[in-house]
Amino acid sequence: MPLAELYGPENFGLPPHARQGALSRAPLSVAEKARALPMPSLDWTPEVEAATAHLYAKVQNVIPPVEWPFMAPYVKAINELKRERDAVILAHNYQTPEIFHCVADIVGDSLQLAIEATKVKASTIVQCGVHFMAETSKILNPEKRVLIPDSRAGCSLASSITGADVRLLREKFPGVPVVAYVNTSADVKAEVDICCTSSNAVRVVESLGVDRVIMVPDQYLAKYVASQTKVKIIAWKGACEVHERFTGDELRVYREADPSVKIIAHPECPPDVLAEADFTGSTAHMIDWVKTKHPKRVVMITECSMADNVQAELRDVEMVRPCNLCPHMKRITLAKILDSLVYLREEVTVDPAIVAPARRSVERMINLNN
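Quick note on numbering: the sequence shown equals residues 1 to 370 in UniProt numbering.
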């Protein structure tokens, strides 16, 4: 079924929301300097080599040997500081291999990270992802310290809609429930009925038991959901700046070059891309598909680092990389993670007035998944 209707700020007489650009990073505050631990040595030594050898073994087929001496001192220092700071690192599937495989304690897609965030025992969470993910962890753990290594790590989807936009949609469509993709800010989550991720969006929409739903902000995920259900979907004109760049023509080139290649795509991609794919699913579902099907060659139509992370585990599967990088995810680096732990800097806060309603919409999704 096609989308019932598609809305954006212009439908309400408002200018389009600007996608988040580069912002200057805030300098260290007096409080951050006061609670700083000594900066560890970042020299490449035989001790560092020995201490990180088991970790390099995990990534040696995706990180060249010449690069590891520059990464290993950070890896060792971060893993030691985690214990000292009583911290746990949550990393999204789009993080680079040295983060995903070598310093992260919990990895996954947005749904997996949200679920695992509710189980964290440590007093500090370091969120290696984009800002809305860190906000979600804070919403679910308001009593814990949540850090993001670079608060400039935004998201084109999250910046495409505000809580005020949701209120305008509710006024136009009174009584119609609103589903928000987790790729939204806390103020949006506080205004909706339930959240969803790409892995459970169809299930969430159908769980509401109605014939019409407002789904924000990803128009392409909404189109995918509309194709999988009889529920009429009213969508918002948001898009992921990584996935919207893929085209069906691009995929046909890969198919013509090798008819045996398998193509799997994320539902944030446009419909012409999904039409060419052998499988469509969330990042977690894409990973599971590759591990289960074990194709000889596969094209993963999503952020480029995820293919590296899968390749590190499945060395006999050839990854064909149509490399679209997320500039926001790539703001997270080993150096900035170390900085977070040394200074406990860039702490994420959420307005106490919206924590409870935002948590309600996220927990409703988690409870449905459970």
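All C-beta atoms in this analysis are idealised placements derived from N, C-alpha and C, irrespective of residue type, glycine included. This structure is a prediction, so every number in the text was calculated from the model and none was measured.
Spatial distance of residue i from residue j (CA atoms)
i, j, result
"Asp139", "Asn183", "Here the sequence assigns Ile to residue 139, which means Asp is not the residue at that position. Cα-Cα distance, rounded: 14 Å."
"Asp150", "Lys121", "23 Å"
"Gln112", "Val350", "21 Å"
"Phe246", "Thr283", "16 Å"
"Val179", "Gln95", "27 Å"
"Trp68", "Tyr56", "8 Å"
"Cys128", "Thr45", "27 Å"
"Asp293", "Arg152", "For clarity, residue 293 is Lys in the given sequence; the question names Asp instead. The alpha-carbon atoms of Lys293 and Arg152 are separated by roughly 37 Å."
"Trp236", "Val48", "50 Å"
"Gly154", "Gly108", "18 Å"
"Lys144", "Ser123", "5 Å"
"Ser340", "Leu147", "7 Å"
"Ser110", "His92", "7 Å"
"Glu276", "Pro9", "31 Å"
"Cys269", "Leu251", "12 Å"
"Glu84", "Tyr181", "35 Å"
Same chain, Cβ closer than 6 Å to residue i, neighbours up to 5 away in sequence not counted
i, result
"Ile234", "Ala4, Glu5, Ile214"
"Ala158", "Phe132, Asn183, Thr184, Ser185"
"Ala22", "For Ala22, the predicted structure reports a pLDDT of 49, less than 50, and the residue's modelled location is therefore unreliable. The matter cannot be settled from this model."
"Pro267", "Ser198, Leu221, Tyr224, Thr280"
"Val176", "Arg212, Ile214"
"Leu274", "Ala265, Thr280"
"Leu168", "Phe12"
"Ile106", "Leu90, Glu116"
Check whether residue i and residue j have beta carbons under 8 Å apart
i, j, result
"Val130", "Val166", "no"
"Pro97", "Ile63", "yes"
"Asn61", "Ala307", "no"
"Gly238", "Pro217", "yes"
"Val88", "Ile125", "yes"
"Leu368", "Ser207", "yes"
"Thr118", "Ile287", "no"
Cut-off 7 Å between Cβ atoms - residues of its own chain near residue i, not counting five sequence neighbours on either side
i, result
"residue 371", "The chain is shown only over 1 to 370; residue 371 falls outside these bounds and no answer can be derived."
"Val355", "Ile139, Pro142"
"Pro295", "Lys262, Val317"
"Lys336", "Pro149, Asp150"
"Glu135", "Ser185, Ala186, Val348, Val350"
"Thr52", "Ala72, Val75, Lys76"
"Cys304", "Arg321, Cys323, Asn324, Leu325"
8 Å Cβ cutoff, residue i in contact with chain B
i, result
"Thr333", "Reference to chain B is not applicable here, since this structure consists of a single protein chain."
Beta-carbon proximity list for residue i, same chain, < 8 Å, skipping 5 on both sides
i, result
"Val290", "Ile264, Val298, Met300, Val310, Leu314, Val317"
"Val202", "Val225, Gln228, Thr229"
"Val205", "Val179, Cys196, Val213, Met215, Val225, Thr229, Val231, Ile233"
"Gln219", "Leu3, Leu6, Ala235, Trp236, Lys237, Gly238, Ala239"
Secondary structure of residue i, DSSP reduced to three states
i, result
"Trp236", "strand"
"Arg170", "helix"
"Met39", "coil"
"Thr52", "helix"
"residue 372", "The structure shown does not extend to residue 372, since the chain is modelled only from 1 through 370, so no value can be given for it."
"Val213", "strand"
"Phe132", "helix"
"Val273", "helix"
"Asn79", "helix"
"Glu309", "First, the residue type needs correcting, since residue 309 is Asn and not Glu in the sequence shown. Asn309: helix per DSSP, three-state reduction."
"Cys323", "coil"
"Gly304", "This sequence places Cys at residue 304; Gly is not what is there. In the structure shown, Cys304 sits in a helix (DSSP, three-state: H, G or I)."
"Arg152", "coil"
"Phe246", "coil"
"Arg315", "coil"
Segment contact, 8 Å Cβ cut-off, at least three pairs: the stretch 310–327 with the stretch 241–253: yes
Stretch-stretch touch, CB-based, cutoff 8 Å, three pairs: the stretch 31–44 with the stretch 327–344: yes
Validate contact between the stretch 351–362 and the stretch 192–199 using beta carbons, cut 8 Å, 3 pairs: yes
Segment contact flag, the stretch 99–107 with the stretch 74–87, C-beta cutoff 8 Å, min 3 pairs: yes
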